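Structure, as structure tokens:
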Amino acid sequence: MPATLERFIGDKGQLAQFTKDLFDENRRDSAIGKLNTILGTYFDGDASKLAHLLDPTREASPLSGFRAEIAKRFDDVLLKIVEMEASQKAAKGERKKGTAKGPTSSRASSPNTPNCCAQRMTTLKGQAASLAPSPTQRRATR
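Heads up, the sequence shown is in the numbering used here, so the first residue is -5 and it goes up one at a time.
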């Protein structure tokens, strides 16, 4: 009985040889070899299934829709930027063609801005003051 146990579960027994063969990295038919083969098809290199799933340029990839949506949004933003630049360029051209009356700064050029209204009030006060007689002129006319 001890000899049979030694032959089966001993250091060089059948169980030791079986587990060594089962987990041998160099053998394709071992458990480790089979795991390497299976994981290699999913994770190893550009031809792996994971690479195919994560490649946004492939139509079958889940990231393909995300890529298309992001590209569309970038196109929309680019279009808005181009429109803004064109309107700014047109406004600048109109300002250059203007009558050159009044302020030409971009903040004061609009008649609805508070800065423009304040400047008009100051101008009108100055004009009214120049039209009104000075205190010395008032005394002289009395």
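Ideal Cβ placement from N, Cα and C applies to all residues, glycine included. Predicted, not measured: the structure shown is a model, and the values here were computed from it.
Counting only residues of its own chain and dropping the five nearest sequence neighbours on each side, residue 42 has a CB closer than 8 Å to the CB of 34, 35, 36. The DSSP assignment places no complete beta strand (DSSP E) segment of no fewer than 3 residues inside the stretch 29 to 71.
Counting along the chain, no alpha helix (DSSP H) covers residue 21, and no H or E run does either. Rounded to whole angstroms, residue 54 and residue 38 show a C-alpha spacing of 19 Å. The C-alpha of residue -5 lies about 13 Å from the C-alpha of residue 4. When the beta-carbon positions are compared, residue 50 and residue 61 come within less than 8 Å of each other. In the structure shown, residue 87 falls within a helical segment according to DSSP collapsed to helix, strand and coil. For residue 14, the enclosing alpha helix (DSSP H) begins and ends at 8 to 16.
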